[in-house]
Amino acid sequence: MQQRIPLAICFIVGIVMIVQFFIPHRLSEQTFDLAVKWIRIITAFALVLGVRSITFRSIEKIKRQKKDWFYSIFTLLGLVITSVIGLGWGVKAGTPLRTIYNNIMVPLGATMFSILAYYMASAAYRAFRARTREATLLLIAAFIVMLGKVPLGTAISGKLPDLADWVLNVPNMAAKRAILFGVALGMIATSLKIILGIERGWLGGRRR
Amino acid sequence: MKIADLLGKIDRRIIFIVLTVVIVIPLISPIGFVGRLSPRVHDLFKAIDELKPSNKPLLISVDFDPQSMPELYPMLVSILRHSFARNVRVIVMGLWVTGVGLGEEALTTVGQEYQKEYGKDYVFLGWKPGVSAVVLGMGRSIKETFSTDYYGKPIDSFPMMAGVNNYRDIPLLVTLSAGDPGFNTVWLPYAQARFGVRVGTGVTAVSAADAYPYLQTGQLVGLIDGMKGASEYELLVEKAGYSEAFKPASQAMDSQSLAHLAIMILIVLGNVGYFLARRKK
């Protein structure tokens, strides 16, 4: 019963949503509107569940002193402080929450992303070796795009940006499109398997 | 130490110092490299330029957070300057809760710069949970999806929202996206494919390659790719006489040019070291 009811709901809702997409009728539009409202409500509840989950997990980790448990103190502190400030003073410009956002969140986020540039430079230097023909091809393509995508490339040769565009528009796009088609077909297959109850991973169960 | 070892095993701290120097020096003393305008950026500029003040509002979605702020925030500011200079009304919203503050800041700053009035010239909707449900819901009714603005005022109370019901009343949507949810995971499949809204996008340089297939199919009207694209948009806005303000992306292009060159030189040095070592073996 625990499995049958969710499977039946999933099957009915899945089929109804597929059918309504292809039928331009008022009833179909009303069904769509209702489904969209439900999704928004369910998502709001999921947020509450998420907060509950991270709170309990963090408390558990601190209690049992699991690996890196002290980071959980900061998680909980952040959660409590921002929630209290946000609920008490609001979230608009000029509020204490915005001060925290502008002075902690923004610089921390920018720093994390900036550090990436350093690691990328170091990793590129160590890993980009022309060991094989394929690696050499990759290296040449990378050089063309790296130069073609900055004004320095134009200063070296006016044809470099065109060459970089060709790399992105022809070989890159062919590969991207193949991946996109593959992903789309995979998504359709997986969705059908979920709707028909063949794939039950989402229930925490096994495949039939 | 042998030359092969010296070139093949440069200490990472030296790499970090080199990179810092080539990034910082052009910021202090700009070189002024001039890039070439790409048609993708020009297409988006043209699409916004063709919007008339009498048209329905432009919708901008701030789908990024502070991590990608250096690339995407200058795009947002330039597009807002472009729109406000042409008296095009703007609705701003976001699918990333962590980007709401950036959207509000840009809108308020540029709005004041052009002496625009809230509710008449621009509205800030903020963020709602649901992502795809929000985007799909707006296709049916914007007012039902966002019954109030970010500040809790009813949407119906704003003069500029009169007659704006769904995507049919949005002549153009620009999403500045740094990942998922973004232009290819939400806006194109749900807003463009299902409701036919015209979509333009600004993305980080690393995800620009993902946008090219959609450009070729015409699903995207234009693309601002990375900091280079942002600097091109800044220049277009300046050349058209819409703004004379400081151009952060344009200034950063010198640093990016030299950083790319430094990385390429390091890769070449690494390969020289590798081949010298291999020859000896």
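So the protein sequences, as listed, match chains A and B.
Counted the way this note's numbering counts, the first sequence spans residues 1 to 208.
Counted the way this note's numbering counts, the second sequence spans residues 1001 to 1281.
Yeah, the Cβ is synthetic: ideal placement off N, Cα and C, and Gly gets one too.
Residue range 1208–1217 is occupied by the alpha helix (DSSP H) that includes B/Tyr1214.
Excluding residues up to 5 positions away in sequence, Tyr1190 lie with their Cβ nearer than 6 Å to the Cβ of B/Leu1136 in the same chain. In this model, B/Thr1020 and B/Val1272 are separated by some 24 Å (Cα to Cα). Counting C-beta pairs with one atom in each stretch, the segment 1115–1128 of chain B and the segment 1087–1099 of chain B have three or more that are closer than 8 Å, which means they touch. In the structure shown, the three-state DSSP call for B/Met1093 is strand. Take B/Val1077, set aside five residues on each side of it, and the residues of its chain with a beta-carbon closer than 7 Å to its own are Ala1106, Val1110, in chain order.
Boundaries of the alpha helix (DSSP H) around A/Thr75: 69–89.
Put simply, the CB of A/Ser122 is near chain B, with a gap under 7 Å to one of its CB atoms.
Closest option to A/Gly197, judged by alpha-carbon separation, among A/Met1, A/Cys10, A/Gln2: A/Cys10.
Short of 7 Å from the beta carbon of B/Gln1256, and not among the five residues preceding or following it, lie these beta carbons of its own chain, in chain order: Met1227. Taking 8 Å as the cut-off between beta carbons, none of the residues of the segment 51–77 of chain A comes near chain B. Non-local C-beta neighbours of B/Ala1249 in its own chain, meaning closer than 6 Å and more than five positions away in sequence, comprise Pro1074, Met1227, Ala1230, Ser1231, Glu1234, ordered along the chain.
At a cut-off of 4 residues, the continuous stretches assigned as alpha helix (DSSP H) that sit fully inside the segment 1085–1173 of chain B are 1100–1113, 1132–1140, 1142–1145. Annotation for B/Ser1038: no alpha helix (DSSP H) segment contains it, and DSSP assigns it neither H nor E. In the structure shown, B/Ile1060 adopts extended strand secondary structure according to DSSP, grouped into three states.
Nearest to A/Tyr101 by alpha-carbon distance, out of A/Ile81, A/Ser114, A/Gly186, A/Ile15, is A/Ile81. In the structure shown, the three-state DSSP call for A/Thr136 is helix. Sixteen is the threshold: when 16 or more other Cβ atoms of the shown chains lie within 10 Å of the Cβ of B/Ser1177, as they do, the residue is buried.
In this structure, the straight-line span from the alpha carbon of A/Leu147 to that of B/Ile1267 is close to 14 Å. Sequence-ordered contacts of the segment 1052–1081 of chain B with chain A read Asp1065, Pro1066, Gln1067, Ser1068, Met1069, Pro1070 [C-beta pairs closer than 8 Å].
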